[in-house]
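A quick write-up on the structure given underneath.
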Amino acid sequence: MRNWMLALTAPLLLSACSSVSVHDYAERQPKLDPREFFDGKLCADGVVRDWKGEQIRQFNASIIATWDEQGVGTLDEIFQFDDGRETRIWTLTPMTNAEGQRAYRAKANDVPEPTVMNFAGNAIHMNYMLRYGESGDTIDLTMDDWMFKVADGVVVNETTMSKWGIDVGQVLLVMRKVDDGHECIEE
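Following UniProt numbering, the numbering of the sequence shown begins with 1 at its first residue and continues without gaps.
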């Protein structure tokens, strides 16, 4: 019985010890500064996969990113999924994180509690609760959100979705900076 319990808990204990920090990427290039990348118009294209890795949705998105004089950013996102349209508005407020590093306090209309957007090198990381669904019929999902700048004007985003600590899906997408006149979503 003891060996059986050890076999079940060992992967959980090992994964807890091996968590990756965004600061592990501090020397990676090209540098990803949220204020520089999320400025102007961006297009995103991606898929949503279930817990088995099967694609269950696909989408295109338009993101309009602006910053005010106090350094507060707004990301106005419109997602056109193959089964409908969704919107999200992020507000990014400059702050210093627990390690004394520059970061942003990030909140959105479907994120009930603000989170911290940490960034270093070519990476951004956020971990937050997303309230998904329509009013009265929602589910709270934990989102482990990683972004990596891979080229000038191009970021790859991978988000693992979980519920009660169990992975239930993944979002994979590519974001690219575009000219203001570029259409990201086909009407």
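Note that the Cβ used here is the ideal one computed from N, Cα and C, for glycine as well. Owing to the predicted nature of the structure, the values given are computational and were not obtained by experimental measurement.
- When the alpha-carbon of Glu69 is set against those of Ser62, Thr93 and Ala106, the nearest one is in Thr93.
- Within the region 22-79, the complete beta strand (DSSP E) segments at least 3 residues long are 40-50 and 55-67, listed from N- to C-terminus.
- Contact between Ala106 and Asn97 fails: their C-beta atoms lie close to 12 Å from each other, not under 8 Å.
- Nearest to Ala61 by alpha-carbon distance, out of Met117, Gly46 and Ala108, is Gly46.
- The Cβ atoms of Ala26 and Ala120 lie closer than 8 Å to each other.
- By the beta-carbon neighbour count (other beta carbons within 10 angstroms, threshold 16), Ile124 is buried.
- Taking one beta carbon from each stretch, the region 36-56 and the region 162-172 have 3 or more pairs nearer than 8 Å; the two touch.
- In this model, Thr66 and Met126 are separated by some 20 Å (Cα to Cα).
- The continuous beta strand (DSSP E) containing Asp167 extends over residues Ile166 to Val178.
- The Cβ neighbour count for Ile166, taken over all protein chains shown within 10 Å, is under 16; the residue is labelled exposed.
- Only residues of its own chain outside the window of five on either side were considered, and among them Arg57 have a CB closer than 8 Å to the CB of Asp83, listed in chain order.
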